[in-house]
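In what follows, a single structure is set out as structure tokens and then discussed.
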Amino acid sequence: MPAHERRHAVHEHRRATTNAPGLGDDPDDPTGLIRDADLLVEDGRVAWVGRSDARTRDGSEGDIDVVDAGGRAVIPGFVDSHTHLVFAGDRADEFEARMRGEAYAAGGIRRTVAATRAATDAELRARLAGFVAELHAQGTTTFEVKTGYDLTVAGEARLARLAREVTDEVTFLGAHVVPAEFADDRAAYVDLVCGPMLEAVRPYARWIDVFCETGAFTAEESERVLRAGLAAGLGVRVHGNQLGAGGGARIAVERGAASVDHCTYLTDDDVAALAASDTVATLLPGVEFSTRHPYPDARRLIDAGVTVALASDANPGTSFTTSMPLMIALAVREMRMTVAEAVWSATAGGARALRRADVGHLGVGARADLVLLDAPTRTHLAYRPGVPLVRAVYRDGAPLG
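When you number the sequence shown by the numbering used here, it's gap-free, plus one each residue, and the end is 401.
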């Protein structure tokens with residue numbers, strides 16, 4: 001049902017996760033779970049949601065297209081707030097090496113940089129379209145895309161332009177790693193990122209990010225990059241605390257970052273600072289799955305009052321997956337999250353990490369992005385890992401695919 005046709009739709013189903021507190025059967029449930037629910041969509045937005053026996057029938061049912069979900073669970077579309085989808089090349093050999101016991105190091109990014117620089121726009125665009133199709137097929141309706149696999153002024157602008165063709169949530173990640181040609185002059189590369197590169201990418205980007213980590217950028221370099229992005233009007237994101245305790249989480253909070261991503265190694269002070277801030281801790285369990293590193297302690301963060309998001313970190317080196325259902329299964333199995341917490345973090349949590357109020361929930365006025373699962377409850381996302389449970393995906397009230 002195209003949203004622009006201004007037609008109505010009612011989705012009838014057994015269980016709907018709305019992420020709208022107060023709408024659910026239990027007023028204290030932050031996921032707003034409703035059993036036997038109806039959802040009314042108009043002009044691509046949620047016009048009404050609640051128990052089917054509570055909806056007022058106005059006699060105009062003939063003007064409404066009804067989608068009967070047949071007892072299937074319905075959840076908001078996934079919000080993947082951390083991806084690296086514009087790249088060329090392959091690093092499957094690195095994955096095999098890690099599975100044999102070799103340690104992960106940040107330098108593998110340079111291999112993807114070389115391949116991406118050599119690719120044409122058409123090649124990058126075609127591969128990006130394939131990844132977007134994967135996202136949609138697995139229930140992701142909103143997603144962020146980072147640059148960071150060219151690391152030249154013109155090249156980073158090209159990646160941002162291509163990313164902007166598929167999403168408004170474009171992040172400038174020129175500070176991904178220092179490219180080989182600047183290995184002997186790191187300061188000159190940071191100058192480039194904060195000056196001409198930022199200026200070239202700015203028309204396409206909403207966010208700036210930095211990989212604040214051993215082997216990538218120091219805390220001082222990261223501070224400088226983020227200050228430049230803020231001065232240019234970009235929102236702030238941080239890769240931090242992935243490989244060891246460092247300044248990433250602290251810098252993210254101090255700079256008012258929307259999110260600090262990875263968060264594997266956090267001190268008690270880091271956790272307390274995050275809990276007292278609006279900065280979301282975005283956890284990326286696909287990375288730990290692919291690198292055999294320890295998983296972040298989601299339970300510690302949630303119990304401390306930190307807002308947690310889940311994202312795929314889809315990238316060719318350390319998490320080559322676009323599957324948010326897999327992230328939920330890993331979060332439940334490996335990070336001690338409940339199913340409700342994991343689903344919330346993959347939807348509403350991701351929206352908060354992008355500072356979006358229009359997605360990640362199915363409250364009145366929200367964008368009508370929703371997923372019908374071939375399962376009676378959301379629990380099956382973790383209970384049946386690896387099974388393609390997404391039956392249908394709607395964005396702006398219209399079916400995808």
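C-beta atoms are modelled at their ideal positions from N, C-alpha and C, and glycine is treated no differently.
{"query": "Have a look at L40 and D168 and give me their C-alpha separation to the nearest angstrom.", "result": "26 angstroms"}
{"query": "My guess is that T171 and R237 are in contact by the Cβ rule of under 8 angstroms, so how many angstroms apart are they, rounded?", "result": "6 angstroms"}
{"query": "Excluding the 5 residues flanking A405 on each side, which residues of the same chain have their C-beta closer than 6 angstroms to its C-beta?", "result": "Residue 405 lies beyond the range of the chain shown here (1 to 401); nothing can be said about it."}
{"query": "Report, in whole angstroms, the separation of the C-beta atoms of S312 and G286, which I expect to be a contact under 8 angstroms.", "result": "6 angstroms"}
{"query": "Check the C-beta distance from G360 over to A368 and give it rounded, since I have them as a contact under 8 angstroms.", "result": "At roughly 12 angstroms, the Cβ-Cβ gap does not stay under 8 angstroms, so G360 and A368 are not in contact."}
{"query": "From D58 to S52, what does the alpha carbon distance come to, in whole angstroms?", "result": "Any reading at D58 must be qualified, since the residue scores a pLDDT of 49, below 50, and its modelled position is unreliable; no value is offered."}
{"query": "Which first and last residues belong to the beta strand (DSSP E) in which H239 is found?", "result": "235-240"}
{"query": "Please state if the CB of L128 and the CB of L162 are separated by a distance shorter than 8 angstroms.", "result": "yes"}
{"query": "Under 8 angstroms: do the stretch 381-389 and the stretch 24-31 share three or more Cβ pairs, one atom per stretch?", "result": "no"}
{"query": "When DSSP labels each residue in this structure, what does F320 get in the three-state scheme?", "result": "coil"}
{"query": "Per DSSP, what are the beta-bridge partners of N315 in this structure?", "result": "S319"}
{"query": "Give the straight-line distance between the Cα atoms of T267 and A298, rounded to the nearest whole angstrom.", "result": "14 angstroms"}
{"query": "Tell me whether the beta-carbon of A249 lies closer than 8 angstroms to the beta-carbon of A273.", "result": "yes"}
{"query": "What span of residues does the beta strand (DSSP E) with P76 cover, start to end?", "result": "74-76"}
{"query": "Excluding sequence positions up to five away, which residues of its chain have a Cβ less than 7 angstroms from the Cβ of G365?", "result": "R45, V46"}
{"query": "Is it buried or exposed for S60, if we count other Cβ within 10 angstroms and need 16 for buried?", "result": "The predicted position of S60 is uncertain, since its pLDDT is 48 and thus under 50; a value taken from the coordinates is nonetheless stated next. Under this definition S60 is an exposed residue."}
{"query": "Under 7 angstroms Cβ to Cβ from M402, same chain only, skipping five residues before and after it: list those, please.", "result": "Because the chain in this structure spans residues 1 to 401, residue 402 falls outside the shown range and cannot be described."}
{"query": "Which residue spans inside the stretch 278-364 form an unbroken beta strand (DSSP E) run of at least 3?", "result": "280-283, 308-310"}
{"query": "DSSP three-state label for G50, please.", "result": "strand"}
{"query": "In this structure, what does DSSP give as the bridge partners for S259?", "result": "R237, V280"}
{"query": "Can you give the beta carbon distance from L310 to G349, rounded, assuming they're within the 8 angstroms contact cut?", "result": "6 angstroms"}
{"query": "Quick one: give me the first and last residue of the beta strand (DSSP E) that E144 is part of.", "result": "140-146"}
{"query": "Any idea what DSSP makes of D28, helix, strand or coil?", "result": "coil"}
{"query": "Mark T214 as exposed unless 16 or more other C-beta atoms lie within 10 angstroms of its C-beta, in which case mark it buried.", "result": "exposed"}
{"query": "Could you tell me how far apart the beta carbons of L373 and R391 are, in whole angstroms, since I believe they sit closer than 8 angstroms?", "result": "6 angstroms"}
{"query": "By the three-class DSSP mapping on this structure, what secondary structure does E223 have?", "result": "helix"}
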